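Heads up, the thing below is written out as structure tokens.
In our numbering, the protein residues as written are 59 to 172.
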């Protein structure tokens, strides 16, 4: 499939496994340069290697998106290294009922205790 995305830049949070990984790989197959982040290094590095096989520019970083400063650093680094960001996939979201910092933290704390 050609979605005419060649050369675009994408950020996929939670991009090392599951849906995030599948999205990142699909974008790379379309010629999209991809930045992914995740908390687990082993899966992150495995997905990074798979993405690189697609011949696109890849940025992969360990990042816990529940930590605002870490997320900000990842996003700034990804933008700088990709040169552009056209697509954002918030796959690692854990929003509760409202879109606030407090709700975000509550959701992550809940998930961490599962």
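Heads up, the beta-carbon is just placed ideally off N, CA and C, and yes, glycines get one too. What you are looking at is a predicted structure, and each value in this text was computed from that prediction instead of being measured.
- In the DSSP assignment, residue 146 falls within the unbroken beta strand (DSSP E) covering 145-148.
- Here residue 148 is not near residue 77, since their CB atoms are 8 angstroms or more apart.
- With distances taken between CA atoms, residue 65 lies nearest to 144 out of 99, 104 and 144.
- Counting of Cβ neighbours within 10 angstroms places residue 79 among the buried residues, the total reaching 16 or more.
- Spanning the alpha carbons of residue 119 and residue 158 requires a straight line of approximately 25 angstroms.
- Taken atom to atom, the span from the alpha-carbon of residue 74 to that of residue 125 is near 18 angstroms.
- Beta-bridge pairing by DSSP links residue 117 to 93.
- Counting other Cβ atoms within 10 Å of its Cβ, residue 60 stays below 16 and is therefore classed as exposed.
- Taking one beta carbon from each stretch, the stretch 95-113 and the stretch 121-139 have 3 or more pairs nearer than 8 angstroms; the two touch.
- A Cβ-Cβ distance of about 4 angstroms is found for the pair residue 140 and residue 67, placing them in contact under the 8 angstroms criterion.
- Across the structure, residue 91 and residue 102 are spaced so that their CA atoms are roughly 16 angstroms apart.
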